[in-house]
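In my numbering, the protein residues as written are 2 to 311.
Where is the CB? At the ideal position from N, CA and C, for every residue including glycine.
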């Protein structure tokens with residue numbers, strides 16, 4: 002337990018400072034890729050894989066790792082580059098996204114770098130809609146591409162998006178029609194999932210792409226004399242975003258008396274023991290793991306009822 006708490010303390014020191022740690026790796030070729038260390042459980046030499054009939058071509062097979070059966074995805078194939086060609090002693094990055102564990106097959110793993118989210122930028126304009134990037138950065142003058150893992154997982158194993166019957170009643174849907182929710186997420190797939198869910202509840206959605214954009218938007222509102230807590234029922238923000246992460250966005254909002262009453266839910270694919278400590282530190286009202294339509298809808302319904310909208 003002491004070791005776990007030490008790890009929590011080390012990571013929470015980064016919270017609100019707009020910092021992250023990237024694990025750098027390569028597929029075929031020289032291009033560097035990065036993944037947030039928060040999402041990485043371990044890195045290991047690729048174990049023996051068992052091929053699963055009728056699975057997606059992207060899934061190389063499953064491996065038994067520490068008593069758990071984990072699907073292993075060929076990350077090169079998943080991003081449209083074709084299967085990993087260099088399979089001489091490849092590595093597997095075991096990750097946890099949206100409360101699910103999976104491994105990504107890569108050719109090599111380089112190192113971990115500590116960075117500021119301000120150094121992480123959205124993909125360049127002109128890359129089109131079909132790319133698999135959420136962000137890019139530079140390390141030692143080399144371009145590092147950060148892959149939109151949520152898009153990959155949505156394609157390989159789509160998550161049901163329908164809200165179960167009974168989660169939203171007719172009266173709440175009627176009240177929701179007069180309300181707006183601000184959502185912030187750098188993944189186009191996640192933005193669409195959240196927006197569709199909230200629109201089913203009945204609220205109007207304002208969707209922004211990153212924390213910096215959201216903070217500028219809210220500051221403009223208060224400069225115009227408006228109160229964010231009156232303009233929006235709540236803000237639902239991702240944590241991992243270029244320019245400014247969700248933790249820093251929350252801390253900035255809470256530090257400004259004009260905005261600090263805004264109800265904030267951090268909605269993230271990050272899993273594990275660290276989240277509750279981080280949510281408490283920055284002052285968010287709640288934490289919700291992606292993507293569970295019933296849970297998300299229930300949070301909005303509860304907030305509508307708590308606000309006593311007539």
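Does the beta-carbon of residue 143 have 16 or more other beta-carbons within 10 angstroms, so that it is buried, or is it exposed?
exposed
Looking only at DSSP bridge pairs, what is residue 200 linked to?
Its beta-bridge partners do not exist; DSSP assigns none.
Let me confirm a value: residue 301 is counted as buried when at least 16 other C-beta atoms fall within 10 Å, else exposed. Which label applies?
buried
By how many angstroms is the C-alpha of residue 249 removed from the C-alpha of residue 7?
Note that residue 7 has pLDDT 46, beneath the 50 cutoff, so the model's placement of it is unreliable and the number below is only indicative. Approximately 22 Å between the Cα atoms of the pair.
Please determine, among 156, 126, 41, 113, the residue with the shortest C-alpha to C-alpha distance to residue 78.
156
Assuming residue 290 contacts residue 37 under a Cβ cut-off of 8 Å, what Cβ separation, rounded to an integer in Å, is found between them?
That belief does not hold up - the Cβ atoms of residue 290 and residue 37 are roughly 15 Å apart, past 8 Å.
Could you tell me if residue 103 is buried or exposed, where buried requires 16 or more neighbouring beta carbons within 10 angstroms of its beta carbon?
buried
So for residue 132, helix, strand or coil by DSSP?
coil
For the 8 Å Cβ check, are there 3 or more pairs between the segment 113-126 and the segment 84-94?
no
I'd like the span of the alpha helix (DSSP H) that includes residue 294, first residue to last.
294-308
Within its chain, find whatever has a CB closer than 7 Å to the CB of residue 2; leave out the 5 residues flanking it on each side and keep chain order.
Reliability of the predicted coordinates at residue 2 is poor, the pLDDT of 35 falling under 50, and the value obtained from them is presented with this limitation in mind. Nothing listed; no residue qualifies.
Terminal residues of the alpha helix (DSSP H) in which residue 237 lies
Residue 237 -> not in any alpha helix (DSSP H); beta strand (DSSP E) instead, spanning 235-238.
Less than 9 Å separating the beta-carbons of residue 60 and residue 48?
no
Between 188, 135, 243, which lies nearest to residue 19 when the distance is taken from Cα to Cα?
243
CA-to-CA distance, residue 286 to residue 333, given in whole angstroms
Any question about residue 333 goes unanswered here, given that the chain covers just 2 to 311.
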